[in-house]
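From first to last, the protein sequence lines stand for chains A and B. Per our numbering, the very first residue in the first sequence carries number 89; after that it's consecutive. Per our numbering, the very first residue in the second sequence carries number 89; after that it's consecutive. The C-beta atom is built at its ideal place from N, Cα and C for all residues, glycine as well.
There are 2 protein chains.
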Amino acid sequence: MEIAMSVPSTPAPYTPTDRTVPTRSADRAAYDRETVHSILDASYLCHLGFVRDGAPVVLPTLYGRVGEHLYVHGSTGSRPLRMAGQQDLGLPVCLTVTHVDGLVLAKSAFHHSMNYRSVVVHGIAHQVTDPDEKRMALDALVDHVVPGRAADSRPANTKELAATAVLRLDLAEVSAKARTGGPNDDPEDQDLPYWSGVVPVAPAHGAPIPADDLAPDIELPDYLRTL
Amino acid sequence: MEIAMSVPSTPAPYTPTDRTVPTRSADRAAYDRETVHSILDASYLCHLGFVRDGAPVVLPTLYGRVGEHLYVHGSTGSRPLRMAGQQDLGLPVCLTVTHVDGLVLAKSAFHHSMNYRSVVVHGIAHQVTDPDEKRMALDALVDHVVPGRAADSRPANTKELAATAVLRLDLAEVSAKARTGGPNDDPEDQDLPYWSGVVPVAPAHGAPIPADDLAPDIELPDYLRTL
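Right, dumping it as structure tokens:
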């Protein structure tokens, strides 16, 4: 029995809730942490939704992940960060990350689709007040965009830290959703004379452009060569 | 005076409102229709926010633009489309489109940023009930992803049209926001030994992958060769 108990256990998946079970294509939904983390770690841009005066607001922003926490940051003057700070209970948010992987072209307009991977996180965002957690979160944000970069730039000073607000959102009410593969045309459309298939899509990085004031003796770091 | 009056007038920009004037970096905001349309037309994926039981929900979805209207579609069973249909007054939404154009790496962690173009549309989405407008909107959605594709696929039949709900959102309360250029480091950081500059980012299309059941005599159409 001891041997069996020493085998690392798979962490429990996120518990599905009414909000994280889709009404459509529920078979495309996943709740395991590995899938969710891999989708979150492959991007750095999220769309953060919150409610202001009863109406929805959706803003693009960068994020970082540390274990089961997501962090977003902004000026202490920005609207959602101010709102989260004013409300002791935190700010209800929905944070969504989407990768487009392909355009799915079917013979019928109806079956056109998109290959994608997305994660939707529901929860309450709280302002981070602990200075050590704030520093750690800002490093995580920079490293989430370019791994290795936080250690290769000047850390925030006291004034910059004071001007920056950080929100933490715990990964608890979370789902992933993905579509892969080719078009699913109806059998009766098989002989229509239209091309069908998938056009792959992926973000590409161009050659890094040095800043105007960059000293010529500073070479491109390895973590950017391999990006 | 007649000559002056015959000069085509620039269409009036969108009127800024409390919701479309950002609290931060207001100098990055734009309200002219040309800028807004060009950002919307360069993508096909939006993040649609709405409020459900008082909490925000943000879902990725495709969209199309026809003049000053945006269209999104989905199953008649999907949550936001059902909500918009149930409410005679329509569904308050926020529709956001974001392009990432570059990673801005400054010498200080604080001045790290992102080059981007985004559009945020606030408004009330209404279900499209007119069959002609619905057909036109679905064509626009397909052509927005791949220009020329709607005419090169089988149009939706009556059953498919009945299963598809379309929402219209008018472009009225709209703003664009963009950041371009290199990092804005503080002068006192100029001599720090860190690489600084911009890593360009853009979506790239891979070689189209034919569907498993595609007849070998159907060639790749020109509109996909030039995508």
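Q) Under the rule that 16 or more other beta-carbon atoms within 10 Å means buried, what is residue 300/A, buried or exposed? A) Taking the first sequence and counting its residues from 1, one reaches residue 300/A at position 212. With fewer than 16 other Cβ atoms within 10 Å, it is exposed.
Q) Can you name the residues of chain A whose CB is closer than 8 Å to the CB of residue 195/B? A) Residue numbering aside, residue 195/B sits at position 107 when the second sequence is read from its first letter. Correct list: 241 and 242.
Q: Assign residue 174/B to buried or exposed, taking buried as 16 or more other Cβ atoms, counted over all protein chains shown, within 10 Å of its Cβ.
A: Numbered from its first residue, the second sequence carries residue 174/B at position 86. That one is exposed.
Q) Checking contacts by CB at 8 Å: is residue 299/B closer than that to chain A? A) Here residue 299/B refers to the residue found at position 211 when the second sequence is read from its first residue. Cβ-Cβ to chain A under 8 Å: yes for residue 299/B.
**Q.** Interface residues of chain B facing residue 238/A [CB-CB closer than 7 Å]
**A.** Along the first sequence, read from residue 1 onward, the residue named residue 238/A stands at position 150. Ordered by position in chain B, the residues that pass the 7 Å Cβ test against residue 238/A are 197.
(Q) Could you compute how far the alpha carbon of residue 102/A sits from the alpha carbon of residue 213/A? (A) For the purposes of this step, residue 102/A is taken as residue 14 along the first sequence, with counting starting at 1. For the purposes of this step, residue 213/A is taken as residue 125 along the first sequence, with counting starting at 1. Going from the Cα of residue 102/A to the Cα of residue 213/A covers about 18 Å.
**Q.** The beta strand (DSSP E) enclosing residue 66/B, as first and last residue numbers
**A.** Past the boundaries of the shown model lies residue 66/B; chain B is included only from 89 to 315, so the question cannot be answered.
Q) If you run the structure through DSSP and keep just helix, strand and coil, what is residue 265/A? A) Position 177 of the first sequence holds residue 265/A. If DSSP states are grouped into helix, strand and coil, residue 265/A belongs with the strands.
Q: Thinking residue 289/B and residue 291/A are a contact (beta carbons under 8 Å), I'd like their distance in whole angstroms, please.
A: In the second sequence, residue 289/B corresponds to position 201, counting from 1. In the first sequence, residue 291/A corresponds to position 203, counting from 1. 6 Å between Cβ atoms; contact.
Q) Can you give, in chain order, each stretch of the alpha helix (DSSP H) that sits fully within the region 98-127 of chain B and has at least 4 residues? A) none
Q: Could you check the C-alpha separation between residue 89/A and residue 139/A for me, to the nearest Å?
A: Taking the first sequence and counting its residues from 1, one reaches residue 89/A at position 1. Taking the first sequence and counting its residues from 1, one reaches residue 139/A at position 51. With a pLDDT of 43 at residue 89/A, under the threshold of 50, the modelled position of that residue is not reliable, and the figure given next carries that caveat. Roughly 52 Å between the two C-alpha positions.
Q | Partners in chain B for residue 202/A, counting only beta-carbon separations shorter than 7 Å | A | The count along the first sequence starts at 1 and reaches residue 202/A at position 114. What residue 202/A touches in chain B: 150.
Q: Identify whether residue 305/B lies in helix, strand or coil by the three-state DSSP scheme.
A: Translated into the one-based positions of the second sequence, residue 305/B becomes position 217. Reduced to three states, the DSSP call for residue 305/B is coil.
(Q) For chain B, check one thing: does any of its Cβ atoms lie closer than 8 Å to the Cβ of residue 304/A? (A) Here the question's residue 304/A lines up with position 216 in the first sequence. It does not; no Cβ of chain B falls within 8 Å.
Q: Within its chain, find whatever has a CB closer than 8 Å to the CB of residue 99/B; leave out the 5 residues flanking it on each side and keep chain order.
A: Residue mapping note: residue 99/B aligns to position 11 of the second sequence, counting from 1. Excluding sequence neighbours, residue 99/B sits near 121.
Q: Would you mind sorting residue 255/B into buried or exposed? The rule is 16 or more other CB atoms within 10 Å of its CB.
A: The residue you call residue 255/B lines up with position 167 of the second sequence. So residue 255/B counts as buried.
Q) Can the beta-carbon of residue 267/B be found closer than 8 Å to that of residue 280/A? A) Position 179 of the second sequence, counted from the start, is the residue given in the question as residue 267/B. Position 192 of the first sequence, counted from the start, is the residue given in the question as residue 280/A. No, Cβ-Cβ distance for residue 267/B and residue 280/A is not below 8 Å.
**Q.** Contact set between residue 248/A and chain B, taken where Cβ atoms lie within less than 7 Å
**A.** Counting from one through the first sequence, the residue named residue 248/A turns up at place 160. The contacting residues are 198.
Q) Pick from 296/A, 287/A, 309/A and 305/A: whose alpha carbon is nearest that of residue 311/B? A) As a working note, residue 311/B is residue 223 in the second sequence. Among 296/A, 287/A, 309/A and 305/A, the Cα nearest to that of residue 311/B belongs to 287/A.
Q.
Using 8 Å as the threshold, is the C-beta distance between residue 149/B and residue 253/B below it?
A. Position 61 of the second sequence, counted from the first residue, corresponds to residue 149/B. Position 165 of the second sequence, counted from the first residue, corresponds to residue 253/B. In this structure, residue 253/B does not lie closer than 8 Å to residue 149/B by Cβ.
Q: Could you pull the start and end residues of the beta strand (DSSP E) that residue 312/A belongs to?
A: Taking the first sequence and counting its residues from 1, one reaches residue 312/A at position 224. Not the beta strand (DSSP E): residue 312/A falls in the alpha helix (DSSP H), residues 310-313.
Q) Since residue 254/B is in the alpha helix (DSSP H), which residue starts that stretch and which ends it? A) Counting from one through the second sequence, the residue named residue 254/B turns up at place 166. Note, residue 254/B: premise wrong, no alpha helix (DSSP H); beta strand (DSSP E) at 252-258.
(Q) Which residue marks the beginning of the alpha helix (DSSP H) containing residue 189/A, and which one marks its end? (A) As a position in the first sequence, residue 189/A is number 101, starting the count at 1. Segment 179-193 is the beta strand (DSSP E) holding residue 189/A; no alpha helix (DSSP H) there.
Q: Work out the CA separation of residue 296/B and residue 282/A for me, nearest whole Å.
A: For this step, residue 282/A is matched to residue 194 along the first sequence. For this step, residue 296/B is matched to residue 208 along the second sequence. Approximately 14 Å, taken between the alpha carbons.
Q. To which residues does DSSP link residue 298/A through a beta bridge?
A. What you label residue 298/A is simply residue 210 of the first sequence in a count that begins at 1. DSSP lists 285/B as partners of residue 298/A.
Q) Under a three-way DSSP split, which group does residue 136/B fall into? A) As a first step, residue 136/B must be located in the second sequence, where it is residue number 48. Note: residue 136/B maps to strand in three-state DSSP.
Q | Separation of residue 261/A from residue 230/A, as counted between CA atoms | A | In the first sequence, counting from the first residue as 1, residue 230/A sits at position 142. In the first sequence, counting from the first residue as 1, residue 261/A sits at position 173. Near 25 Å, if we compare the C-alpha coordinates of residue 261/A and residue 230/A.
Q) For residue 116/A, which residues of its own chain have a beta-carbon under 8 Å away from its beta-carbon, when the five flanking residues on both sides are left out? A) As a first step, residue 116/A is located in the first sequence; it is residue number 28 there, counting from the start. These residues qualify, in order along the chain: 110, 265, 266 and 267.
(Q) Rounded to the nearest angstrom, what separates residue 134/B and residue 244/B at their Cα positions? (A) As a first step, residue 134/B is located in the second sequence; it is residue number 46 there, counting from the start. As a first step, residue 244/B is located in the second sequence; it is residue number 156 there, counting from the start. If I take the Cα positions, the gap works out to 23 Å.
Q: Using a cut-off of 9 Å between C-beta atoms, extract the partners of residue 278/B located in chain C.
A: No chain C is part of this structure, whose protein chains are labelled A and B.
Q) Is residue 219/A near residue 249/A, with beta carbons less than 8 Å apart? A) Position 131 of the first sequence, counting from 1, holds the residue named residue 219/A. Position 161 of the first sequence, counting from 1, holds the residue named residue 249/A. Yes. Within cutoff.
Q.
Can you list, in chain order, the residues of its chain with a C-beta nearer than 6 Å to that of residue 158/A? Leave out the 5 residues immediately preceding and following it.
A. For the purposes of this step, residue 158/A is taken as residue 70 along the first sequence, with counting starting at 1. If we look at residue 158/A and ignore the five residues flanking it on each side, its Cβ neighbours are 151 and 257.
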